[in-house]
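Quick note on our numbering: the sequence shown kicks off at 11 and runs consecutively.
Even for Gly, the Cβ is constructed at its ideal location relative to N, Cα and C.
As the structure is a prediction and not an experimental result, all values here were calculated from the model.
Worksheet: the structure to be examined is printed underneath.
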Amino acid sequence: MALIDSEIKFNAFEITLKNKPSQMLDISPKGTVPVLINGEEVIDESIDIMMWAYKKGISLQYSNFDNKLINIGLDLIQKNDNEFKVYLDQYKYSINHPNKTKEELQNSCLFFLDILEERLNKNYYLLSDKISFADIAIMPFIRQFANVDMNYFSSLKFIRVKMWLLKLMKSELFIKAMIKP
Ligand SMILES: N[C@@H](CCC(=O)N[C@@H](CS)C(=O)NCC(=O)O)C(=O)O
């Protein structure tokens, strides 16, 4: 989404994670997606790809925000990547956690929705009334959380998070990003 938003032309290749191609592992042995190759340059962390795109691209998204907001955004992404995602993976793959009930796994994720709801009480999007890199970085994971059990997600009290997710899923940017390569 950051690459599209920054109007950077690129080719996308889908990877079967169970059968990673050697071309990918040669350039990025840690074996996670996404990996961006730009000539000799290899960037294999999503946040680094986003930041590269926003610095290189013509989108004004990044410069729209002052340092304080950028730091709030980076902090939210940190929490998403290092805390929420751990609990989200346990909930998504609950079969690997037979000692925990579904309710326990769901409850462990809610702290992050609380944080997002509080931000969205102030603005339409996470940093301001304009969409930002933080929305783009975090939205896919909230979508994954919702998709595990849509009835449960719909029943939650987080009205603003639900509206925010719907708005982003209907956005041109997301629809473009979801077109299969
Ligand atoms: N911190 C990395 C995490 C990327 C990551 O874990 N990607 C998953 C797919 S969503 C992956 O490639 N997993 C490797 C595997 O399942 O073998 C990033 O944000 O780029």
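- In the same chain as Leu79, and ignoring 5 residues on each side of it, the C-beta atoms closer than 6 angstroms to its own belong to Leu137, in chain order.
- Setting aside the 5 residues that flank it on each side, Ile53 is surrounded in the same chain by Leu46, Ile59, Trp62, each with a C-beta closer than 7 angstroms to its C-beta; the list follows chain order.
- When the alpha-carbon of Ile82 is set against those of Tyr135, Lys177, Asp159, the nearest one is in Tyr135.
- Using a 10 angstroms sphere on the CB of Leu27, the tally of other CB atoms stays under 16, which defines it as exposed.
- Using a cutoff of 7 angstroms, the CB of Ser56 counts as near ligand 1, since one of the ligand's heavy atoms is closer than that.
- The beta carbon of Ser118 lies closer than 6 angstroms to those of Tyr97 in the same chain, with the five residues before and after it left out.
- In the DSSP assignment, Ile80 falls within the unbroken alpha helix (DSSP H) covering 77-89.
- Beta-bridge partners assigned by DSSP to Asn29: none are found.
- In the three-state reduction of the DSSP assignment, Val52 falls in the strand class, which pools E and B.
- According to the DSSP assignment, Tyr101 belongs to the alpha helix (DSSP H) that extends over 95-102.
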